[in-house]
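Quick notes on the structure that follows.
Numbering (the UniProt record's numbering), first residue to last: 1 to 310.
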């Protein structure tokens, strides 16, 4: 399984903050926005990841993340000169994908909740051709909407319908087989001058090859593409971390408990940021004498819930 983080675009909805800076490098409380989608892929066990962004911004992501070795993963980069729709990511990633399955996550999406890692892993392990994720929202007319029957079988997909057939929006996380590349090449351009991810999903639906995984109560799905939603996400992360005592989307922590990096590497990374709460947190984890005792907090820590069971 390969992974893609789509982190391009101009971020016009976040101007003037995005004048001269890619929105996915903006902080969501105490870490860059791109840490959150990367953490999802890492928790799914995906280690080969392609970051797609603008030619101007690729060097900034490379400065931040390097080749991924600091997190025990392999990061690759691809330039997207103009945002021509989400499906274009598969065309740009054709060589990277090869004949592997691929998971794409939008760079401004945050997923969080008890059991999410397990749910995501099961979706990865059991998907056949295409799997999308549905999340209940109060304003489905603003999103792509998925309709399904009592057996969770997809019936229809609509993009920003005036009269939604359900209140489940399609979240920015998608799993496909390698055929997504060729399907994306055949998609027509919409009135917006872009290819649409809904049309890609409809192609799989037409062949009865589209599954939906619903995110139930207790899951949080956030799109941080506006000032208001960015602030709300930062508040959510801040409150959750302060009350529960662990960090959301801490890539080094995930890498350590997944066995990708050593305790020494974790401590060194924390030492390099020792003046920050983030650095202190990494050193605290590295200095624990009895790691197994930490598993007792597993039910309160979604970041680690699946690792214990592997």
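C-beta atoms are modelled at their ideal positions from N, C-alpha and C, and glycine is treated no differently.
Proximity below 9 Å, CB of residue i to CB of residue j
i: residue 249; j: residue 35; result: yes
i: residue 209; j: residue 274; result: no
i: residue 176; j: residue 277; result: no
i: residue 104; j: residue 173; result: yes
i: residue 194; j: residue 83; result: yes
i: residue 2; j: residue 93; result: yes
i: residue 72; j: residue 261; result: yes
i: residue 52; j: residue 77; result: yes
i: residue 214; j: residue 133; result: yes
i: residue 49; j: residue 25; result: no
i: residue 57; j: residue 224; result: no
i: residue 87; j: residue 220; result: no
i: residue 237; j: residue 40; result: no
i: residue 190; j: residue 44; result: no
Host alpha helix (DSSP H) of residue i (start-end)
i: residue 21; result: First-last for residue 21: undefined, no H or E at that position.
i: residue 58; result: 58 to 65
i: residue 282; result: 277 to 286
i: residue 86; result: Neither: residue 86 is in no alpha helix (DSSP H) and is coded neither H nor E.
i: residue 180; result: 180 to 185
i: residue 232; result: 227 to 244
i: residue 204; result: 197 to 206
i: residue 118; result: 116 to 126
i: residue 47; result: No alpha helix (DSSP H) contains residue 47, which DSSP labels as neither H nor E.
i: residue 256; result: 251 to 257
i: residue 269; result: 263 to 272
Buried or exposed by the 16-neighbour rule on C-beta atoms within 10 Å, applied to residue i
i: residue 80; result: buried
i: residue 199; result: buried
i: residue 15; result: exposed
i: residue 156; result: exposed
i: residue 37; result: buried
i: residue 140; result: buried
i: residue 112; result: buried
i: residue 235; result: exposed
i: residue 117; result: buried
i: residue 59; result: exposed
i: residue 188; result: exposed
i: residue 19; result: exposed
i: residue 312; result: Limits of the chain in this structure are 1 at one end and 310 at the other, which puts residue 312 out of reach.
i: residue 287; result: exposed
i: residue 312; result: Lying before the first or after the last residue shown, residue 312 is absent from the chain, which here runs from 1 to 310.
i: residue 135; result: buried
i: residue 265; result: buried
Inter-residue Cα distance where the pair is residue i and residue j
i: residue 239; j: residue 231; result: 12 Å
i: residue 158; j: residue 143; result: 8 Å
i: residue 272; j: residue 279; result: 7 Å
i: residue 161; j: residue 167; result: 11 Å
i: residue 17; j: residue 31; result: 16 Å
i: residue 130; j: residue 211; result: 6 Å
i: residue 293; j: residue 147; result: In this prediction, residue 293 has a pLDDT of 45, which is less than 50 and means its spatial position is unreliable; what the coordinates show is noted afterwards. Taking the straight line joining both Cα atoms gives about 44 Å.
i: residue 227; j: residue 23; result: 11 Å
i: residue 4; j: residue 242; result: 30 Å
i: residue 165; j: residue 97; result: 34 Å
i: residue 120; j: residue 207; result: 23 Å
i: residue 233; j: residue 61; result: 21 Å
i: residue 163; j: residue 145; result: 10 Å
i: residue 12; j: residue 21; result: 11 Å
i: residue 201; j: residue 126; result: 18 Å
i: residue 263; j: residue 153; result: 44 Å
i: residue 244; j: residue 65; result: 27 Å
i: residue 258; j: residue 67; result: 18 Å
i: residue 299; j: residue 114; result: In this prediction, residue 299 scores a pLDDT of 40, lower than 50, which makes its location untrustworthy; no coordinate-derived value is stated.
i: residue 137; j: residue 33; result: 22 Å
Residue range of the beta strand (DSSP E) that includes residue i
i: residue 34; result: Unbroken run through residue 34: none, as it is neither H nor E.
i: residue 158; result: 154 to 159
i: residue 77; result: 74 to 79
i: residue 220; result: 220 to 223
i: residue 4; result: 2 to 6
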